[in-house]
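Q: The opening position of the sequence shown corresponds to residue 1 in my numbering, with each subsequent residue numbered one higher.
The structure follows.
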Amino acid sequence: MQANIFTLSGIAKRYARGDDAVTIFDGLDMDIARGAFIALMGPSGSGKTTLLNLLGGIDRPDSGELRYDGRRIDSMSEAELTVWRARHVGFVFQSFNLLPMLTAARNVELPLTLTDLGRAERERRVGVALDLVGLGHCGHRPPSQLSGGQQQRVAIARAIVADTEVLLCDEPTGNLDRNASTEVLELLRTLNEELGKTIIMVTHDRMAADHARTTLALDKGRFVDAAVPA
Ligand SMILES: Nc1ncnc2c1ncn2[C@@H]1O[C@H](COP(=O)(O)OP(=O)(O)OP(=O)(O)O)[C@@H](O)[C@H]1O
């Protein structure tokens, strides 16, 4: 097991915009230590979500090497990447992305439906994940009967139910009020400190960043001094 869970070397990423190519990263290097809790800040368009998507194997670099625990993920096939994602990363989004027709428990179970775990074991893991986020009593409710903060905690339970080591969070408090944000951030902190999850969280919110252990600031695809306001 490597001390750095992710290692990025010379990552380049461009998008086509009309006839032009827009360069987001041009030779980005980065090491992410196992067990880190990083807040990724920076102005709109600086590449935060692009970086999160590269780390999560949702998007691929145009060149450079991206390793997870020493193993290259940038050169995996789509099928390999799908399996890798399911085993290693959980995602949390600003808008929760829960399916409205399913109960909280069935939403949490979704990542397990792709595994060969039996029904009883799936139920057990769903119960553990819901208990961990403090919603063991809410499994039967649909998302519409939960507050925003509760919905985000269900989404976090879904992100950890498969026992992946990494949590990638894109503006997890962007749709929440202060109290709900604090609850979600304290939960992320607990998952980092007590379960050793490696967390990378994109945020515009300084209070959210204060809950992380490290703040990194991106500007135009490069890391800059995080003390400079985003
Ligand atoms: N799929 C895509 N196709 C074309 N351009 C894209 C694509 N995804 C992102 N971009 C562009 O890449 C740049 C970086 O986008 P990204 O979403 O990574 O920024 P960000 O720092 O997360 O911004 P925000 O804070 O607004 O979410 C932006 O200019 C965006 O328009």
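Glycine residues also receive a C-beta, built at the ideal position from the N, C-alpha and C atoms.
Quick caveat: nothing in here was measured; it's all calculated off a predicted structure.
Assuming P61 contacts I11 (C-beta within less than 8 Å), just tell me the rounded distance between them.
A: About 5 Å; that satisfies the 8 Å criterion.
Q: Which value, in whole angstroms, describes the spacing of the CA atoms of W84 and D205?
A: Their backbone Cα atoms lie some 30 Å apart in a straight line.
Q: In terms of residue numbering, what span does the beta strand (DSSP E) encompassing N4 cover?
A: N4 -> beta strand (DSSP E) spans N4 to R17.
Q: Is DSSP giving G47 helix, strand or coil here?
A: Note: G47 maps to coil in three-state DSSP.
Q: Counting along the chain, where does the beta strand (DSSP E) carrying R119 start and finish?
A: That residue, R119, is in no beta strand (DSSP E); its alpha helix (DSSP H) goes R119 to L132.
Q: Are there 16 or more other CB atoms within 10 angstroms of the CB of S125, so buried, or fewer, so exposed?
A: Ser is not the amino acid found at residue 125; the sequence shown has Arg there. So R125 counts as buried.
Q: Are the CB atoms of D69 and Q2 nearer to each other than 8 Å?
A: Contact flag set, yes.
Q: Out of F96, T7, E80 and T115, which has the shortest C-alpha to C-alpha gap to R67?
A: Comparing Cα-Cα distances from R67 to each of F96, T7, E80 and T115, the minimum goes to T7.
Q: E109 by DSSP, collapsed to three states: which one?
A: The answer is helix: DSSP assigns E109 an H, G or I state.
Q: F37 and R213 - do their beta-carbons sit closer together than 8 Å?
A: Yes; because the gap between Cβ atoms is below 8 Å, this pair is in contact.
Q: Please look up how many angstroms separate the CB atoms of V108 and L168, rounded, as I've assumed it's under 8 Å.
A: V108 to L168, Cβ: 17 Å. No contact.
Q: Quick one: grab the DSSP three-state call for M101.
A: DSSP places M101 in coil when its eight states are reduced to three.
Q: From which residue to which residue does the beta strand (DSSP E) around D210 run?
A: First-last for D210: R206 to H211, but that is the alpha helix (DSSP H), not the beta strand (DSSP E).
Q: Taking 7 Å as the cut-off, is the beta-carbon of G42 closer than that to any non-hydrogen atom of ligand 1?
A: Within the cutoff, so yes.
Q: Cβ of K48 within 8 Å of Cβ of L195?
A: No, they are not a contact pair.
Q: Closer than 7 Å to a non-hydrogen atom of ligand 1 - does that hold for the CB of I24?
A: Correct: I24 has its Cβ closer than 7 Å to ligand 1.
Q: For Q145, count the other beta carbons within 10 Å of its own beta carbon; 16 or more makes it buried, fewer makes it exposed. Which is it?
A: Q145 is exposed by the Cβ-count criterion.
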